[in-house]
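Once you know that position 70 of the sequence shown is 70 in the working numbering, the rest is easy, because the numbers rise by one and skip nothing.
For each residue, glycine too, the CB sits at the ideal point set by N, CA and C.
Following: one structure in structure tokens, then a few remarks.
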Amino acid sequence: MAVQLDRLVFGGFMRLEDKVAVITGGGNGLGRATAQRFASEGAKVVVADIIDDLGEETVEMVVADGGTASFVHCDAVSSHDNHAMAAHALETYGAIDILVTAAGVSHPGYKSGDQDASVKWWAKRMDYFENPATELLDLDLEDFRQVMAINLDGTLLAAQACVAPMVESGKGGSIVTIASIAAKHPDAGPIPYVCSKSAVWMLTKKMARLLATSGIRVNAIGPGYIDTHMTKMIDLIPEERLTQFFANIPMGRKGVPDEIANTALFLASDEASYFTGEILHPDGGYFTE
1 MAVQLDRLVF GGFMRLEDKV AVITGGGNGL GRATAQRFAS EGAKVVVADI
51 IDDLGEETVE MVVADGGTAS FVHCDAVSSH DNHAMAAHAL ETYGAIDILV
101 TAAGVSHPGY KSGDQDASVK WWAKRMDYFE NPATELLDLD LEDFRQVMAI
151 NLDGTLLAAQ ACVAPMVESG KGGSIVTIAS IAAKHPDAGP IPYVCSKSAV
201 WMLTKKMARL LATSGIRVNA IGPGYIDTHM TKMIDLIPEE RLTQFFANIP
251 MGRKGVPDEI ANTALFLASD EASYFTGEIL HPDGGYFTE
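Structure follows, in structure tokens:
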């Protein structure tokens, strides 16, 4: 079932008016949708991505819709790039109020915005469904480290770069990390992905405890299966297994990026002022019991 979400101003006011939001992985998927949603609610958005063309395209889309945004190149695993990203936000807009860490990968074969690369990587691994042990036995340590670095280290480095200005401002702020249902369910992705997202969730809780007295809220989103370039490998699953797959989702469909962006908007806004150290699961009911 197709989902169409209208981007409307809530209650006649903009929830992020004059806020400055830094979004890593803003060049596509959840990051792009979040950048557009935040801008529609009045935020000044810094779009950070390792793929310059995609990040600049997001900025163009935001500006075309009447929003305010700028692009900065950022490799998620580079401390230098993350600090340069924070410096860009401060120099361009004078503050950092919100950080969303949307940069991430599901597997080492993924390339930002490249659907074909994702499909090809997974096509070679369909035997995992028939021989589950091979997923463990075939795992390359460097592949494991690459996914952990982008998903976990990238979250940590972005937070380290952006927290200092939040603290110095005396106004606090909000950090929204992107975890996954895989943070709690081992069958929701390959080994490196589930391990990295579990770690992101624990990092989120730890940061929430450390930063609460500084007025900085830290929460996670644990999306279910969302229709992005990164999840196109689902289309390769044999039909009988795909039927079983969607049977585990009471709503019977994948989500769309705007549904995650709306969750991020809530957590970033003052409406979530008493939320910290929490994880919200827009997952179509995956975790209902």
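- Just tell me which of N28, A21 and L203 has its CA closest to the CA of G42. Taking the sequence shown and counting its residues from 1, one reaches residue 42 at position 42. Closest option to G42, Cα to Cα, is A21.
- Query: What residue range is occupied by the uninterrupted beta strand (DSSP E) comprising A220?
  - Reply: Your numbering for residue 220 matches position 220 in the sequence shown. It spans I216 to I221 - the beta strand (DSSP E) in which A220 sits, taken as one unbroken run.
- Message: Given this structure, state the Cα-to-Cα distance separating I96 from I178, to the nearest angstrom.
- Response: What you label residue 96 is simply residue 96 of the sequence shown in a count that begins at 1. What you label residue 178 is simply residue 178 of the sequence shown in a count that begins at 1. Cα to Cα, the separation comes out at about 18 Å.
- Message: For a quick check, are the C-beta atoms of I175 and M202 less than 8 Å apart?
- Response: Here residue 175 is taken as the residue at index 175 of the sequence shown, counted from 1. Here residue 202 is taken as the residue at index 202 of the sequence shown, counted from 1. No, the Cβ-Cβ distance between I175 and M202 is not below 8 Å.
- Query: Cα separation between N248 and P257?
  - Reply: Taking the sequence shown and counting its residues from 1, the one referred to as residue 248 is at position 248. Taking the sequence shown and counting its residues from 1, the one referred to as residue 257 is at position 257. Roughly 20 Å separates the two Cα atoms.
- Query: Roughly how many angstroms lie between the CA atoms of G27 and D49, to the nearest whole one?
  - Reply: For the purposes of this step, residue 27 is identified with residue 27 of the sequence shown, where counting begins at 1. For the purposes of this step, residue 49 is identified with residue 49 of the sequence shown, where counting begins at 1. Going from the Cα of G27 to the Cα of D49 covers about 6 Å.
- Query: Given a threshold of 16 other Cβ atoms within 10 Å of its Cβ, counted over all protein chains shown, does D127 qualify as buried or as exposed?
  - Reply: As a first step, residue 127 must be located in the sequence shown, where it is residue number 127. Classification of D127: exposed, given that the 10 Å Cβ count is below 16.
- Task: Could you tell me the distance, in whole angstroms, from the CA atom of L30 to the CA atom of A102?
- Result: By 1-based counting over the sequence shown, the position of residue 30 is 30. By 1-based counting over the sequence shown, the position of residue 102 is 102. Those two C-alpha atoms are separated by around 7 Å.
- Item | Same chain, Cβ closer than 6 Å to G67, neighbours up to 5 away in sequence not counted | Position 67 of the sequence shown, counted from the start, is the residue given in the question as residue 67. Here the set comprises A39.
- Same chain only: Cβ atoms within 6 Å of D81, ignoring 5 sequence neighbours per side: Working through the sequence shown from its first residue, we reach residue 81 at position 81. Result list for D81: C74 and D75, in chain order.
- Task: Taking 8 Å as the cut-off, decide whether the C-beta atoms of G284 and G255 are in contact.
- Result: Translated into the one-based positions of the sequence shown, residue 284 becomes position 284. Translated into the one-based positions of the sequence shown, residue 255 becomes position 255. Yes, the pair counts as a contact, with Cβ atoms nearer than the cut-off.
- Beta-ladder partner(s) of H73, from DSSP: Translated into positions along the sequence shown, residue 73 becomes position 73. According to DSSP, H73 bridges with D49.
- Item | Contact check, V46 vs A89, beta carbons under 8 Å | Here the question's residue 46 lines up with position 46 in the sequence shown. Here the question's residue 89 lines up with position 89 in the sequence shown. Yes; because the gap between Cβ atoms is below 8 Å, this pair is in contact.
- Count the other C-beta atoms from every protein chain shown that fall within 10 angstroms of the C-beta of D6, then say buried if there are 16 or more, exposed otherwise. The residue labelled residue 6 in the question sits at position 6 within the sequence shown. A caution first: D6 carries a pLDDT of 48, below 50, which makes its placement in the model unreliable, though a value can still be read off. Exposed is the call here.
- Is it buried or exposed for E142, if we count other Cβ within 10 angstroms and need 16 for buried? One-based indexing of the sequence shown puts residue 142 at position 142. Looking at its Cβ environment, which holds fewer than 16 other Cβ atoms inside 10 Å, E142 is exposed.
- Query: Is Y286 buried or exposed, if buried means 16 or more other CB atoms sit within 10 Å of its CB?
  - Reply: As a working mapping, residue 286 is identified with position 286 in the sequence shown. Using a 10 angstroms sphere on the CB of Y286, the tally of other CB atoms reaches 16 or more, which defines it as buried.
- Query: In angstroms, rounded to a whole number, what distance separates the CA positions of Q244 and M251?
  - Reply: For the purposes of this step, residue 244 is taken as the residue at position 244 of the sequence shown. For the purposes of this step, residue 251 is taken as the residue at position 251 of the sequence shown. Each residue's Cα considered, the two are about 13 Å apart.
- Sort out for me which residues DSSP pairs S301 with in a bridge. This structure leaves residue 301 out entirely; the chain is present only between 1 and 289.
- Item | Every unbroken alpha helix (DSSP H) within the region 137-169, with a cutoff of 4 residues, ordered by chain | With a minimum length of 4 residues, the continuous alpha helix (DSSP H) runs that stay inside the region 137-169 are 141-148 and 154-169.
- Message: Would R32 and L265 be called neighbours here (beta carbons separated by less than 8 Å)?
- Response: Taking the first residue of the sequence shown as 1, we reach residue 32 at position 32. Taking the first residue of the sequence shown as 1, we reach residue 265 at position 265. Taking 8 Å as the Cβ cut-off, R32 and L265 do not qualify as a contacting pair.
- From the DSSP output, in three-state form, read off I260 for me. For the purposes of this step, residue 260 is taken as the residue at position 260 of the sequence shown. I260: helix per DSSP, three-state reduction.
- Query: With a Cβ-Cβ cutoff of 8 Å, do H107 and P223 count as a contact?
  - Reply: Reading the sequence shown from its first residue, position 107 is the one you call residue 107. Reading the sequence shown from its first residue, position 223 is the one you call residue 223. Going by C-beta atoms, H107 is not nearer than 8 Å to P223.
- Query: Tell me which same chain residues have a C-beta within less than 7 Å of the C-beta of M1, skipping the five on either side of it?
  - Reply: Taking the first residue of the sequence shown as position 1, residue 1 is located at position 1. Legend: pLDDT at M1 = 43, less than 50; position of this residue unreliable, value from coordinates given subsequently. Answer for M1: R253, listed in chain order.
- Cβ of Y93 within 8 Å of Cβ of K44? Taking the sequence shown and counting its residues from 1, the one referred to as residue 93 is at position 93. Taking the sequence shown and counting its residues from 1, the one referred to as residue 44 is at position 44. A contact, by the Cβ cut-off of 8 Å.
- Query: In three-state terms, what does DSSP make of I249?
  - Reply: Mapped onto the sequence shown, residue 249 falls at position 249. Here I249 sits in coil by DSSP.
- Message: For a test of the three-state rule: what should DSSP assign to G255, helix, strand or coil?
- Response: The sequence position of residue 255 within the sequence shown is 255, counting from 1. In the structure shown, G255 sits in a strand (DSSP, three-state: E or B).
- What are the boundary residues of the alpha helix (DSSP H) that includes A208? Position 208 of the sequence shown holds residue 208. That run of the alpha helix (DSSP H) goes I191 to L211.
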